Amino acid sequence: MAAAVGWGLPPHCPRPAPALPGVDWVRRLSGELRLGHTRRELGGTGRWSLSGGAPGSGALRSSRGMWRTGSMSAELGVGFALRAVNERVQQAVARRPRDLPAIQPRLVAVSKTKPADMVIEAYSHGQRTFGENYVQELLEKASNPKILSSCPEIKWHFIGHLQKQNVNKLMAVPNLFMLETVDSVKLADKVNSSWQKKGSPERLKVMVQVNTSGEESKHGLLPSETVAMVEHINAKCPSLEFVGLMTIGSFGHDLSQGPNPDFQALLSLREELCKKLNVPTEQVELSMGMSMDFQHAVSVLLALSAQGEGPKGRRKAMFAGETFETPHHGNRAANSSGPQLSQHPPPPSFLK
């Protein structure tokens with residue numbers, strides 16, 4: 220597997236593929252590949268069908284026999300989109316080296332701009348985790364009486380850029396489960412204080428956003444600031460639970476030039492962080508990529524994971540919460556200059 224990283228990834232590593240039409244999800248993989256975001260929508264127009272490839276490959280093709288960026292046909296529905304995403308992710312996971320453990324992914328469905336009925340339909344098909352980019356839309360959707368009554372186990376992730384003046388409003392969101400975009404000490408302190416005042420018995424899960432590409436258009440801390448940020452959360456924010464790192468990475472990376480260095484940077488940063496904090500890597504999730512490159516993100520992760528040697532020479536499984544996201548009809552979404560992915564987030568092929 221050592222040769223896998225030099226590019227020219229081995230056959231068992233999934234290859235990049237076009238963004239899945241009509242699925243605006245964010246998916247993250249974690250200790251067992253879990254969670255993530257992606258950003259295509261849950262419905263829309265355009266005819267799509269399963270065709271081509273090996274049986275069960277789930278290749279999505281338009282009526283013209285080509286991939287295209289569009290919305291999933293309303294005729295096919297949310298359930299079809301979920302199954303399609305799930306299948307692609309499972310295919311990616313199945314290509315892992317046989318000596319690495321199987322991972323069970325979870326998906327965060329990005330419901331931005333989608334009506335409550337679509338959320339309820341996705342929930343009825345087994346989806347429990349949903350992501351939103353905008354505070355006001357999340358508050359309104361999460362407070363919807365139909366969602367509250369029909370989706371008692373729903374978990375909301377906020378995946379957009381959060382301004383301090385909107386923190387209190389976000390903390391009022393029913394069933395808020397995770398904030399994925401903490402990018403400053405001041406924001407962490409504000410969120411911690413507001414969550415404390417809410418009096419929740421559970422700590423709020425948070426991820427630290429890192430700008431690994433160095434692009435001014437993206438939010439996030441510099442890699443060099445990340446360890447100090449996490450240490451601050453752990454030491455000074457008792458109402459918050461740090462669970463991982465998130466990055467978007469450069470958009471449209473030329474895969475013929477090798478793995479996306481921004482993904483590799485996040486993996487290296489996690490290694491540095493875990494050594495500094497003396498915690499196992501599987502306890503720190505990673506959220507990275509867009510839907511069009513989620514399979515590449517998985518490939519990078521699997522290839523690098525297979526090279527890591529444990530204390531006894533065993534290969535370490537480094538899948539801890541990668542997120543793949545997809546752009547919204549080609550536009551970068553509200554946060555992360557676009558996980559808007561999710562990007563997780565990716566989109567990926569797993570959806571449960």
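Residue numbers 220 to 571, in my numbering, belong to the letters of the sequence shown in order.
Beta carbons are placed, not taken as given, at the ideal position from N, Cα and C, and that holds for glycine.
Predicted, not measured: the structure shown is a model, and the values here were computed from it.
Beta-carbon gap between residue i and residue j smaller than 8 angstroms
i: I339; j: S369; result: yes
i: K360; j: M390; result: no
i: T445; j: M507; result: no
i: V161; j: K409; result: As displayed, the chain neither begins before 220 nor continues past 571, which places residue 161 out of reach and without an answer.
i: I366; j: A335; result: yes
i: L485; j: V429; result: yes
i: V392; j: W375; result: yes
i: A328; j: G350; result: yes
i: M388; j: L423; result: For the record, residue 388 in the displayed sequence is Lys; it is not Met. Cβ distance not < 8 angstroms, so K388 and L423 don't count as in contact.
i: V354; j: M397; result: no
i: I373; j: A407; result: no
i: S343; j: M337; result: no
i: A341; j: L301; result: yes
Buried versus exposed call for residue i [16 or more other C-beta atoms within 10 Å across all chains shown]
i: L459; result: buried
i: P313; result: Before going on, a small fix: residue 313 reads as Ala here, not Pro. Burial call: exposed.
i: N411; result: buried
i: R479; result: Rather than Arg, the amino acid found at residue 479 in this sequence is Asn. N479 is buried by the Cβ-count criterion.
i: G345; result: exposed
i: E435; result: exposed
i: E491; result: exposed
i: P442; result: buried
i: G439; result: buried
i: E504; result: buried
i: G463; result: buried
i: L309; result: Residue identity differs from the one stated: residue 309 is Gln in this sequence, not Leu. Answer is buried; the Cβ neighbour count reaches 16.
i: G468; result: buried
i: M537; result: Confidence in M537 is poor, its pLDDT being 22 and thus under 50, which makes the residue's placement unreliable; the coordinate value appears in the next sentence. M537 is buried by the Cβ-count criterion.
i: Q382; result: exposed
i: A454; result: exposed
i: K495; result: exposed
i: S432; result: buried
i: V498; result: exposed
i: A447; result: exposed
i: E399; result: buried
i: E306; result: buried
i: E483; result: According to the sequence shown, residue 483 is Gln rather than Glu. Result: buried.
i: T545; result: Low local confidence applies: a pLDDT of 29 at T545 is under 50, so the model's placement there is unreliable, with the coordinate-based value given in what follows. Looking at its Cβ environment, which holds 16 or more other Cβ atoms inside 10 Å, T545 is buried.
Residue i, DSSP secondary structure in three states
i: G573; result: With the chain running from 220 to 571 in the structure shown, residue 573 is simply not present.
i: L572; result: No answer is possible for residue 572: the residues shown for the chain start at 220 and end at 571.
i: V578; result: In the structure displayed, the chain extends from 220 to 571; residue 578 sits before or after that span and is not available.
i: V354; result: helix
i: S487; result: helix
i: V308; result: helix
i: V498; result: coil
i: V297; result: helix
i: A447; result: helix
i: V503; result: coil
i: A454; result: helix
i: K333; result: coil
Report the residue ranges of all beta strand (DSSP E) runs contained in full by the region 361–438; include only those spanning at least 3 residues, in chain order. Complete beta strand (DSSP E) runs here, min 3: 374–377, 395–401 and 423–428.
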